[in-house]
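As structure tokens, the structure follows; a few thoughts come after it.
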Ligand code: ATP
């Protein structure tokens with residue numbers, strides 16, 4: 017059985033230390049979450065996998081890490097100050113607030129408990145634009161001169177550094193600039209666990225191309241970004257593209273396709289791939305007075321590149337990887353909960369168990385674990401409980417391999433290596449484990 021509700025994954029995430037409610041000891045803070053030990057590893061692994069695919073394995077992409085706080089004029093030029101808003105309505109009766117485009121009926125759906133036990137059904141105010149950017153002030157004096165915004169996307173830091181990176185990297189389009197980092201949006205209705213939050217992380221890449229090549233590169237990235245999720249184990253049946261209708265396109269976009277994932281709550285956007293044309297570079301050139309274009313000194317060729325942007329959410333990807341990996345299996349009257357995470361994403365790669373707590377087995381197991389750790393392989397050690405229980409604990413967090421040290425280990429130097437998905441066991445020489453696991457992680 018795959019996950020039939022997000023709650024199953026939320027419960028597992030809390031129980032095993034993937035994600036906790038933020039400020040939990042103070043009663044939590046609406047829709048803010050902290051990543052626990054396993055979640056921190058999983059999230060890192062997702063970001064590393066993205067960086068590896070988008071930067072390290074490519075010749076044409078540079079990395080960047082720009083500041084969260086930028087000059088306020090950046091957000092004026094990008095259009096965020098004027099247009100980055102959602103339509104907000106208030107219920108005139110109970111004062112609850114909603115995003116107008118989320119509402120299904122014409123009256124307030126807020127639920128009132130007993131003795132009324134009914135929807136509020138109050139009428140709404142006219143929708144008004146609610147800007148999603150968080151404001152803050154730089155320095156001790158609060159005023160319009162010190163006003164700053166927490167970035168609502170990482171993309172603008174890339175556009176403002178376009179010239180820097182092109183020059184220092186001696187680049188010529190087509191080339192890309194990739195960045196991973198926190199973004200902040202004061203969402204009216206956050207929710208569905210880590211799917212929509214006010215503080216989240218993005219993985220964005222702006223790919224600068226000669227204007228007449230945009231269609232080719234748009235098609236390329238649309239395809240490549242879907243394939244990334246498939247290569248990391250997501251069932252293709254749970255993925256689809258949704259091409260935006262022309263009247264749905266953002267003001268800067270020529271074309272947009274969302275990569276959508278089939279969550280238990282329905283098909284939802286996981287990543288957007290957009291052609292942003294030369295909109296951003298032109299706007300920043302106008303507003304800053306700087307020339308933001310590609311110029312070839314020899315051929316005298318000069319143009320403002322067009323941009324293809326794959327923009328993904330780290331937290332959303334984490335949620336989809338967890339949901340997709342989740343399975344409850346009935347085994348001999350028992351339920352096995354298992355996360356079939358791709359080994360590269362799994363927080364723990366190998367768990368090492370001594371079969372019993374005597375005859376030198378714990379020490380031997382720890383030696384084997386140390387040899388794996390020395391290779392940079394994330395491991396866990398567990399010596400308590402029946403071996404079947406220990407396997408289950410690891411299955412539930414997605415550990416791909418478990419190693420058991422037993423009586424034969426001392427004499428013959430071999431251990432059992434058990435596979436999470438097939439549950440099959442093989443006998444392998446302990447000394448070969450670091451190479452063997454490294455090899456399987458690479459594959
Ligand atoms: P949505 O329509 O869901 O609000 P969007 O189209 O505004 O998303 P983009 O601006 O295209 O999103 O951002 C790129 C990616 O960043 C999204 O596909 C998503 O994965 C992630 N993202 C955006 N907003 C949030 C949020 N509030 N919480 C978590 N992830 C988010």
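In the working numbering, the protein residues as written are 17 to 459. Think of the CB as a built atom: it goes at the ideal place given N, C-alpha and C, for glycine as much as any other residue. On a predicted model such as this, the values are computed, not experimentally measured, just so you know.
Residue from the options with nearest C-alpha to residue i
i           : options            : result
residue 149 : 239, 182, 119, 204 : 204
residue 78  : 20, 46, 50, 177    : 177
residue 152 : 200, 128, 225      : 200
residue 169 : 425, 82, 24        : 82
residue 134 : 125, 251, 388, 390 : 125
residue 424 : 443, 410, 411, 409 : 443
residue 280 : 232, 318, 339, 261 : 339
residue 259 : 245, 249, 291, 243 : 291
residue 383 : 374, 414, 446      : 446
residue 242 : 138, 166, 328      : 328
residue 371 : 63, 380, 112, 42   : 380
residue 172 : 160, 196, 250      : 196
residue 366 : 235, 411, 334, 377 : 411
residue 161 : 89, 68, 198        : 89
residue 166 : 112, 157, 233, 97  : 97
residue 214 : 403, 438, 48       : 48
residue 194 : 69, 157, 271, 147  : 69
residue 402 : 414, 428, 396, 373 : 373
residue 438 : 352, 369, 392, 390 : 352
residue 275 : 254, 293, 368, 261 : 254
residue 185 : 80, 109, 67        : 80
Beta carbon of residue i nearer than 9 Å to that of residue j
i           : j           : result
residue 117 : residue 145 : no
residue 456 : residue 359 : yes
residue 277 : residue 295 : no
residue 59  : residue 331 : yes
residue 435 : residue 417 : yes
residue 286 : residue 297 : no
residue 54  : residue 164 : no
residue 220 : residue 326 : yes
residue 52  : residue 33  : yes
residue 343 : residue 19  : yes
residue 363 : residue 387 : no
residue 283 : residue 318 : no
residue 72  : residue 175 : no
residue 218 : residue 188 : no
residue 415 : residue 432 : no
Reduced DSSP secondary structure (H/G/I, E/B, other) of residue i
i           : result
residue 30  : helix
residue 225 : strand
residue 219 : strand
residue 110 : coil
residue 363 : coil
residue 63  : helix
residue 257 : strand
residue 157 : coil
residue 337 : helix
residue 290 : strand
residue 273 : strand
residue 165 : strand
residue 184 : helix
residue 420 : strand
residue 35  : strand
residue 120 : coil
residue 408 : helix
residue 234 : helix
residue 77  : strand
residue 433 : strand
According to DSSP, residues forming a beta bridge with residue i
i           : result
residue 278 : 283
residue 115 : 104
residue 147 : 101
residue 198 : 217
residue 325 : 290
residue 319 : 310
residue 246 : Partner(s): none; residue 246 has no beta bridge.
residue 342 : 355
residue 191 : 224
residue 396 : 367
Contacts around residue i, its chain only, beta-carbon distance under 6 Å, and the 5 residues preceding and following it disregarded
i           : result
residue 50  : 36, 38
residue 311 : 318
Same chain, Cβ closer than 7 Å to residue i, five either side skipped, listed in chain order
i           : result
residue 229 : 190
residue 208 : 22, 281
residue 237 : 223, 289, 324, 326
residue 407 : 418, 434
residue 123 : 137, 138, 139
residue 76  : 190, 191, 192
residue 127 : 135
residue 376 : 426
residue 361 : 58, 61, 62, 65, 248, 337
Close-in-space but distant-in-sequence residues of the same chain around residue i (CB under 8 Å, 5 per side omitted)
i           : result
residue 113 : 104, 105, 106, 107, 204
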